[in-house]
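Just below is one structure, and these are the notes that go with it.
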Amino acid sequence: MTRSTTRTGAGRDPVAGALAANRLGAPSVVYFVLSAAAPLTVVAGVITTGYAVTGITGLPIAFVVVGVVLSVFAVGYVAMARHMANAGAFYTYVTRGLGRPAGIAAAWMALVAYNTLQVALYGAFGVATAPLLEGWLGITPAWWAVSLVAWALVALLGMMRVDVNGRLLAVLLTAEVAVILLFDVADLINPAASGYSLETLSPAALFVPGVGALLVLATLGFVGFESSVVFSEESRQPRRTVPLATYSSVAIIAFVYALSSWAMTVATGPGQIVATARRDQAETIFLLAQAHLGPVVVDIARVLFATSVFAAMISFHNTTSRYFFALGRERVLPAVFGRTHTRSGAPKAGSIAQSTLGLATIVLYALLGLDPLVQLFFYGGAFGGLGVLLLIFVTAIAIIVFFAREPHGETLSRRLVAPVPAAIALAVMVWLALDNFWALLGVPQGDALARVLPAVYGVAALLGAGWALVLRARQPAVYAAVGMGAKAATAQNAAQTTAQTTAQTTAQNAAHDDTAQGTA
Amino acid sequence: MLADDFFLVSWDTTGTGKPRLHVRGLALGLAGALIGELVLHQRVIVRGVRLDLVDGHAVRESVADKVLADLRNSPHHTDVRTWLAYLAQRSVAEVSGRLVNSGLLEPENRKIFRRSRSRFFATDFGRAMWPVTRLRLALTRCGPLAPQDMALATLVDACDLTDAVLDDPGNRRAARDYLTTLLATMPQPLRDLSHQVYAAAGDAVLTYRT
Numbered sequence: 003m004t005r006s007t008t009r010t011g012a013g014r015d016p017v018a019g020a021l022a023a024n025r026l027g028a029p030s031v032v033y034f035v036l037s038a039a040a041p042l043t044v045v046a047g048v049i050t051t052g053y054a055v056t057g058i059t060g061l062p063i064a065f066v067v068v069g070v071v072l073s074v075f076a077v078g079y080v081a082m083a084r085h086m087a088n089a090g091a092f093y094t095y096v097t098r099g100l101g102r103p104a105g106i107a108a109a110w111m112a113l114v115a116y117n118t119l120q121v122a123l124y125g126a127f128g129v130a131t132a133p134l135l136e137g138w139l140g141i142t143p144a145w146w147a148v149s150l151v152a153w154a155l156v157a158l159l160g161m162m163r164v165d166v167n168g169r170l171l172a173v174l175l176t177a178e179v180a181v182i183l184l185f186d187v188a189d190l191i192n193p194a195a196s197g198y199s200l201e202t203l204s205p206a207a208l209f210v211p212g213v214g215a216l217l218v219l220a221t222l223g224f225v226g227f228e229s230s231v232v233f234s235e236e237s238r239q240p241r242r243t244v245p246l247a248t249y250s251s252v253a254i255i256a257f258v259y260a261l262s263s264w265a266m267t268v269a270t271g272p273g274q275i276v277a278t279a280r281r282d283q284a285e286t287i288f289l290l291a292q293a294h295l296g297p298v299v300v301d302i303a304r305v306l307f308a309t310s311v312f313a314a315m316i317s318f319h320n321t322t323s324r325y326f327f328a329l330g331r332e333r334v335l336p337a338v339f340g341r342t343h344t345r346s347g348a349p350k351a352g353s354i355a356q357s358t359l360g361l362a363t364i365v366l367y368a369l370l371g372l373d374p375l376v377q378l379f380f381y382g383g384a385f386g387g388l389g390v391l392l393l394i395f396v397t398a399i400a401i402i403v404f405f406a407r408e409p410h411g412e413t414l415s416r417r418l419v420a421p422v423p424a425a426i427a428l429a430v431m432v433w434l435a436l437d438n439f440w441a442l443l444g445v446p447q448g449d450a451l452a453r454v455l456p457a458v459y460g461v462a463a464l465l466g467a468g469w470a471l472v473l474r475a476r477q478p479a480v481y482a483a484v485g486m487g488a489k490a491a492t493a494q495n496a497a498q499t500t501a502q503t504t505a506q507t508t509a510q511n512a513a514h515d516d517t518a519q520g521t522a
Numbered sequence: 096m097l098a099d100d101f102f103l104v105s106w107d108t109t110g111t112g113k114p115r116l117h118v119r120g121l122a123l124g125l126a127g128a129l130i131g132e133l134v135l136h137q138r139v140i141v142r143g144v145r146l147d148l149v150d151g152h153a154v155r156e157s158v159a160d161k162v163l164a165d166l167r168n169s170p171h172h173t174d175v176r177t178w179l180a181y182l183a184q185r186s187v188a189e190v191s192g193r194l195v196n197s198g199l200l201e202p203e204n205r206k207i208f209r210r211s212r213s214r215f216f217a218t219d220f221g222r223a224m225w226p227v228t229r230l231r232l233a234l235t236r237c238g239p240l241a242p243q244d245m246a247l248a249t250l251v252d253a254c255d256l257t258d259a260v261l262d263d264p265g266n267r268r269a270a271r272d273y274l275t276t277l278l279a280t281m282p283q284p285l286r287d288l289s290h291q292v293y294a295a296a297g298d299a300v301l302t303y304r305t
């Protein structure tokens, strides 16, 4: 009955019918989100290096806790997304909630964070491909040589806008998750002498010095969940599809990462995981699995690790160049960032800027002889993860202020009951993260690096806010449209038209007054 | 017609036969041009984000009249963006079909990897090159433009195609300044329309997926 009504309705409204045919359902949105999250990169790279560098074992429970916090945060986030012109980026929420200076400050922080996350992946790629190249070709090239090849491919694909094909990405993602779960099962049916210890899953594991490091790492695992709202305008039922996709993505990520990080500790024993990860580094999960699953499965997994890192590189490259593009369209960045490559439609200047940064980083690390896995991939990931955590926190505050000013027809639970606890929890996470950043870097407490890196976001935010004030004084039309993304042009146009109309009306009124006075 | 001119600017009909512009931008630009034709014929008016039908009389051109009929049949859809998205689904086929029927273009269908890609070749070099030439001359010399060419220039710019028209990079800065002036002085419905196309093309970049 419902179906036939719908059909008749669509028949009567060919426009709505034709547009609906192309729309996305929740599973498609979840796939887009998760493919950017690159699960195998996180499990094989971030989690193992996290154990090795921090020396703390509470990661499994940290994933659960952060998953819960982000789910509660997502209630207000998806509610506010419905009222946004450009829903995809945190800074637009901050703009609407806390004002334009705060918004541009957030935008600058986001540019730093996402660019860092992208270039950090070049450190992992050399490591991910080294065992494969050695096994197949018998060569062991320097990490930077392999990363430069990957860099050239990413730069080219980014400009040609050849995103990795959606279907291929879906197949790779499914395979990645399957391999992760297979490894988990292998770990779990072959526990170490300590058996099925729940030590790392117990909340007590969080009450240790340096817990802030775990919270940043866990947040890093969830990066990408925020992009579900990008598809609001393209989803079948935005009010249902987007929230469902967001909660599902967060739940899936929390489950897979908590399970995998716990399974590793079961296989080695919680007391041995740090030592094992320090010895085997990114090879940890493969060596653990090799004993039980045989070399073929492990080789397939290694290939998937490499493709996972590569897909993440492209995904973050595109996210970052689109960030540049949105800001270019708003004229917050020079207008050239708002232009596209004619033939491919790629955001040209943003793509080039991102690639240039990547090349400079690889060259710099190679020249200085720094460690690609720890000092590029892990430090970059940790630093980027901290930036995203800061952005989520500021967004959480913006959501509360936005709905406090005007309910926009949203329920009390979406406006207040969920956002307030989420903001408080995030505040605690941010405080712990900043206070424990030394633990995340594996340096002694009070080390200068642990203070300098977080301060970079402070500087970026100050510069952003300062730039906002410059725009307010010099380019009010641009200032008025901050946070509108691609729709900024229409807002700027409206602002100019209003200004012209006001000027005309004022002139007419003045003329009218003059005439009236003349008549009098 | 405006959309024909846009097609001839955005498609290399005198050389490779392939589009100069990416598919999504091409479809949106042509959709904007189809609405622009009705604005120029004073059948619809665009104000801000709204599109309203003001005169339902036929234009006596089949593609434009089909768009007009759609607008007449769905008066409750007044959002320009909705119409751009809807018309973008068929704009390339409709406008290329119109040019083929008029005898100016000849299609060539090729199948590569099971995907058929149409190429279009002009039968009359001069006529096919005329819109690009006209635009280039007007923009480099800052010459006066008729409303239809104003609309064409701003739609071309909204789709980031201006650089393809101005092959000499030295002319680009002055031409851009002139385009800004044009936008400020052109009739409001056409200006609002090109802003909407620009915003739609930008959003297509931000929500791009394969």
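As given, the protein sequences belong to chains A and B, one line each in that order.
Sequential numbering of the first sequence, starting at 3, is according to the working numbering.
Sequential numbering of the second sequence, starting at 96, is according to the working numbering.
Glycine included, C-beta positions come from ideal geometry on N, C-alpha and C.
CA-to-CA distance, residue j to residue i, given in whole angstroms
i        : j        : result
LEU274/B : ALA488/A : 19 Å
ILE402/A : GLY99/A  : 8 Å
VAL458/A : GLY444/A : 19 Å
ALA107/A : LEU184/A : 43 Å
GLU201/B : ARG193/B : 11 Å
ALA215/A : THR286/A : 20 Å
PRO29/A  : LEU246/A : 9 Å
ASP516/A : GLN283/B : Confidence at ASP516/A is low in this model, with a pLDDT of 43, below 50, so the placement of that residue should be treated as unreliable; the coordinate-derived value is given next. Roughly 29 Å separates the two Cα atoms.
GLN184/B : ARG176/B : 13 Å
LEU369/A : ILE49/A  : 28 Å
PHE326/A : ILE182/A : 34 Å
VAL134/B : ARG229/B : 21 Å
GLN239/A : ALA490/A : 25 Å
Residue-chain proximity (residue i, chain B), Cβ-Cβ < 8 Å
i        : result
SER346/A : yes
ALA470/A : no
THR342/A : yes
GLY226/A : no
THR94/A  : no
GLY90/A  : yes
ARG331/A : yes
ARG25/A  : no
ARG304/A : no
GLY137/A : no
is_contact[residue i, chain A] using C-beta, thresh 8 Å
i        : result
LEU301/B : yes
TYR273/B : no
VAL144/B : yes
GLY265/B : no
HIS290/B : yes
SER169/B : yes
THR111/B : no
GLN184/B : yes
THR177/B : yes
Sequence-distant residues of its chain with Cβ nearer than 8 Å to residue i (five each side left out)
i        : result
THR249/B : LEU274, LEU277, LEU278, MET281, LEU285, ARG286, SER289
LEU208/A : GLY60, ILE63, ALA64, VAL67, LEU216
THR305/B : Note that THR305/B has pLDDT 49, beneath the 50 cutoff, so the model's placement of it is unreliable and no number is given.
Contacts around residue i, its chain only, beta-carbon distance under 7 Å, and the 5 residues preceding and following it disregarded
i        : result
SER186/B : ALA122, LEU125, ALA126, LEU129
Cutoff 6 Å; reference residue i; Cβ partners in own chain excluding five residues on either side
i        : result
MET162/A : SER346
ALA159/B : GLU132
ALA152/A : PHE127
Length at least 3, wholly inside the segment 285–368 of chain A: the beta strand (DSSP E) runs in chain order: none
Every unbroken alpha helix (DSSP H) inside the segment 111–194 of chain A [4 residues or more]: Qualifying alpha helix (DSSP H) stretches, in chain order: 145–162, 168–191.
contact_flag[the segment 356–367 of chain A, the segment 87–107 of chain A] where n(CB pairs < 8 Å) is 3 or more: no
Beta strand (DSSP E) segments (min. 3 residues) lying fully within the segment 102–139 of chain B: none
Length-filtered (4 minimum) alpha helix (DSSP H) runs lying within the segment 177–263 of chain B: 186–196, 220–236, 242–253, 257–260
Meets three-Cβ-pair contact criterion under 8 Å: the segment 249–265 of chain A and the segment 56–65 of chain A: yes
Meets three-Cβ-pair contact criterion under 8 Å: the segment 288–306 of chain A and the segment 72–89 of chain A: no
Touching by the beta-carbon criterion (3+ pairs, under 8 Å), the segment 249–263 of chain B and the segment 289–301 of chain B: Segments in contact, yes.
At least three beta-carbon pairs within less than 8 Å, the segment 376–385 of chain A to the segment 124–140 of chain A: yes
Given 8 Å, three or more beta-carbon pairs between the segment 440–456 of chain A and the segment 81–90 of chain A: Touching, no.
Cβ contact (3+ pairs, closer than 8 Å) linking the segment 110–121 of chain A and the segment 474–483 of chain A: no
Segment contact flag, the segment 36–52 of chain A with the segment 265–285 of chain A, C-beta cutoff 8 Å, min 3 pairs: With the rule of 3 Cβ pairs closer than 8 Å, the segment 36–52 of chain A counts as touching the segment 265–285 of chain A.
The segment 387–402 of chain A touching the segment 220–227 of chain A, judged by at least three CB pairs closer than 8 Å: Three or more beta-carbon pairs drawn from the segment 387–402 of chain A and the segment 220–227 of chain A are found closer than 8 Å, and the two stretches are therefore classed as touching.
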